[in-house]
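S.K.: Just add 1 to the spot in the sequence shown (first one is 1) and you have the working numbering.
Note that the Cβ used here is the ideal one computed from N, Cα and C, for glycine as well.
After the structure tokens below, expect a handful of questions from me.
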Amino acid sequence: TPAAVPGTIEAEDYDLGGQDVAYNDADANNNGGAYRPVEGVDLEATTDAGFGFNVGWTVPGEWIE
Numbered sequence: 002t003p004a005a006v007p008g009t010i011e012a013e014d015y016d017l018g019g020q021d022v023a024y025n026d027a028d029a030n031n032n033g034g035a036y037r038p039v040e041g042v043d044l045e046a047t048t049d050a051g052f053g054f055n056v057g058w059t060v061p062g063e064w065i066e
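Here it is, written out as structure tokens:
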């Protein structure tokens with residue numbers, strides 16, 4: 002039985018550690034340039050009412066933890 006997770010898991014709050022530890026991204030740039038701009042995960046500001054961030058520009062083989 003899966004464990005219940007309280008609250009919301011925010012994808013932009015992935016773990017620390019960089020490429021091949023906390024994430025795998027096909028290119029070294031944050032194509033959205035937002036939130037964690039010096040890391041390779043592609044994050045951009047959302048346009049919805051929550052004013053958060055989203056992960057974008059994904060390709061097969063990329064992952065975040």
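Taking only three categories from DSSP, how would you classify Ala46?
M.R.: The answer is strand: DSSP assigns Ala46 an E or B state.
S.K.: I'd like to check one pair, Asp26 with Glu66: are the Cβ atoms closer than 8 Å?
M.R.: No, the Cβ-Cβ distance between Glu66 and Asp26 is not below 8 Å.
S.K.: Only counting the same chain, and skipping five residues up and downstream in sequence, which positions put a Cβ closer than 7 Å to that of Val42?
M.R.: So the qualifying residues of the chain are Tyr15, Tyr24, Asp26, Asn31, Val56, Ile65.
S.K.: Taking the C-alpha atoms as reference points, what is the distance between Glu37 and Gly51?
M.R.: Per the sequence presented here, residue 37 reads as Arg, with Glu not at that position. Arg37 and Gly51: Cα-Cα distance of roughly 18 Å.
S.K.: Please report the straight-line C-alpha distance between Gly53 and Thr47, rounded to a whole angstrom.
M.R.: If I take the Cα positions, the gap works out to 6 Å.
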